[in-house]
Amino acid sequence: MPWYHQRDQSLSISSIIQLNCPKSLLTRIQWTIYACQPLCSFQIEMDPSVTIMTLSELFLPSRSLHYGLYKIKLTVTMQILPQLTSSEVTYISIIPSPITVNLIRFGSSMISIGRNQTLILDPGSFSLDPDEVIFDANNWNYIYYCRISPQSNFMQVNSPFCFGNRSAEWYYGSNGIQSSLIIQPGLFQTNQTYQLRADLINIFNASRIFTGYLLVKVEETDSMIISIRYDRILSLSEDNVFRKPTVASSPNHVYWLMNIV
């Protein structure tokens with residue numbers, strides 16, 4: 000079974016090599032990486048300016064490998080006796096990392112607005128994909144929900160529960176993929192706190208669903224929009240860092256013990 004590794008994480012593989020050769024301890028080492036497409040025979044050339052390949056370690060920065068299965072091979076050869084060689088392989092599956100769904104700029108989780116102010120939700124512009132430099136809004140479907148916090152259940156914004164029968168006063172953005180939602184002045188009730196939610200569903204893999212939330216406190220008078228951002232700090236010991244899907248977490252180091260006699 001391969002190790003599962005998120006693309007936004009750097010990868011380090013360490014080796015422990017034990018030599019038992021009385022003539023010489025001089026060795027030649029070679030790390031090779033093969034893409035399994037589907038056979039693991041296509042060798043990947045890594046950028047030497049960012050990749051570290053030493054006798055004891057292979058280090059790849061984050062986003063070095065694309066999604067898929069890879070075979071990583073370490074070969075050790077005695078310099079004075081080239082016929083003396085030993086190799087080990089391991090398999091790494093690069094999987095997508097979770098995205099961060101931000102409904103508004105700066106990833107704020109709570110705002111206060113006046114009843115007569117326009118609110119624009121734009122997860123297509125403000126969400127973050129750690130696997131890529133730029134979030135591609137076209138790779139996702141968008142479903143929006145709302146509720147009056149904290150009593151009611153979430154309902155889709157096109158239901159009368161959210162904004163009554165005033166559907167003409169909210170609309171999706173003009174790009175055709177519903178990656179933004181514009182809520183016009185007067186739709187929110189004064190002195191209420193709404194919780195808005197956006198579910199993003201990947202168009203290539205419908206099991207990849209991510210959710211973002213925004214609390215909206217509605218006041219009678221217009222004012223500058225005040226936003227609050229909440230960040231959760233994750234430790235490396237938590238299950239969502241290096242893990243197989245649906246199984247316990249996996250380490251980000253693979254150790255090999257090689258014997259050459």
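Following numbering that gives the first Met the number 0, the numbering of the sequence shown begins with 0 at its first residue and continues without gaps.
Cβ atoms here follow ideal geometry from the backbone N, Cα and C, with glycine treated the same way.
query: From SER158 to PHE187, what distance separates their C-alpha atoms?
result: The alpha-carbon atoms of SER158 and PHE187 are separated by roughly 15 Å.
- prompt: For TYR69, which of SER55, THR76, THR89 and SER107 has the nearest alpha-carbon?
  reply: Closest by alpha carbon: THR89.
message: Going by the DSSP bridge assignment, what does GLY211 pair with across the sheet?
response: Looking at the DSSP assignment, GLY211 forms a beta bridge with ALA197.
task: Consult DSSP for GLY106 and reduce its assignment to one of helix, strand or coil.
output: It is helical.
message: Quick test of your reading: HIS4 and ILE98, contact by CB under 8 Å. State the CB separation rounded to the nearest angstrom.
response: Your pair HIS4 and ILE98 does not check out as a contact, with CB atoms roughly 17 Å apart and the cut at 8 Å.
message: On a Cα-Cα basis, can you pick out the residue from LEU127, SER96, LEU18 and PRO47 that is closest to ARG207?
response: Nearest option by C-alpha distance: SER96.
field: Neighbourhood of GLN78 by C-beta distance below 7 Å, restricted to the same chain and skipping five residues each side
entry: So the qualifying residues of the chain are SER23, LEU25, THR26 and ARG27.
task: Please classify PHE41: does DSSP put it in a helix, a strand, or coil?
output: Of the three classes helix, strand and coil, the one that applies to PHE41 here is strand, per DSSP.
query: Start and end of the alpha helix (DSSP H) containing SER124?
result: For SER124, the enclosing alpha helix (DSSP H) begins and ends at 122-125.
query: Where do the N-terminal and C-terminal ends of the alpha helix (DSSP H) with CYS161 fall, by residue?
result: For CYS161, the uninterrupted alpha helix (DSSP H) segment begins and ends at 159-162.
task: Have a look at ASN265 and CYS20 and give me their C-alpha separation to the nearest angstrom.
output: Since the first residue shown for the chain is 0 and the last is 260, residue 265 is missing from the structure and cannot be characterised.
message: On the CB-based measure, 16 or more other CB atoms within 10 Å of its CB, does VAL100 come out buried or exposed?
response: Answer is buried; the Cβ neighbour count reaches 16.
task: Return the residue from the list GLY106, ARG114, LEU118 and LEU214 that minimises the CA-CA distance to THR192.
output: Answer by Cα proximity: LEU214.
- request: Could you check which residue in SER40, LEU54, PRO1 and GLU44 has the C-alpha nearest to that of ILE15?
  value: Ranking the options by Cα distance to ILE15, first place goes to LEU54.
- prompt: Is the Cβ-Cβ distance between TRP2 and SER92 less than 8 Å?
  reply: In this structure, SER92 lies closer than 8 Å to TRP2 by Cβ.
- request: Measure the alpha-carbon distance for ASP221 versus ILE133 and round it to whole angstroms.
  value: Rounded to whole angstroms, ASP221 to ILE133 spans 34 Å at the Cα level.
query: Does DSSP put ALA34 in a helix, in a strand, or in coil?
result: Strand at ALA34.
message: Taking the alpha carbon of ARG104 as the reference point, which residue from GLN116, ARG114, TYR171 and SER124 has its own alpha carbon closest?
response: The shortest Cα separation from ARG104 among GLN116, ARG114, TYR171 and SER124 belongs to SER124.
query: Under a Cβ-count criterion, where at least 16 other Cβ atoms within 10 Å of its own Cβ denotes burial, should ASP135 be classed as buried or exposed?
result: Counting C-beta atoms within 10 angstroms of its own C-beta, ASP135 has fewer than 16 neighbours from the protein chains shown and is therefore classed as exposed.
message: Does LEU235 come out as helix, strand or coil in the three-state DSSP assignment?
response: Per-residue confidence for LEU235 stands at a pLDDT of 34, beneath the threshold of 50, marking its modelled position as unreliable; the derived number appears in the next sentence. In the structure shown, the three-state DSSP call for LEU235 is coil.
task: Quick one: residues in its chain with C-beta nearer than 8 Å to the C-beta of PHE281, no 5 flanking neighbours on either side, listed in chain order?
output: For the chain, the structure presents residues 0 to 260; residue 281 sits outside this window and is missing.
message: Could you tell me the alpha carbon to alpha carbon distance between VAL284 and LEU59, rounded to whole angstroms?
response: Past the boundaries of the shown model lies residue 284; the chain is included only from 0 to 260, so the question cannot be answered.
- request: Return the first residue and the last residue of the beta strand (DSSP E) that ARG283 is part of.
  value: The structure shown does not extend to residue 283, since the chain is modelled only from 0 to 260, so the question has no answer here.
- prompt: Considering HIS4, what are the terminal residues of the beta strand (DSSP E) in which it resides?
  reply: That run of the beta strand (DSSP E) goes 2-5.
- prompt: In whole angstroms, what separates the C-alpha of SER40 from that of GLY67?
  reply: Those two C-alpha atoms are separated by around 14 Å.
Continuous beta strand (DSSP E) stretch holding SER14: start and end: DSSP places SER14 in the uninterrupted beta strand (DSSP E) bounded by 10-18.
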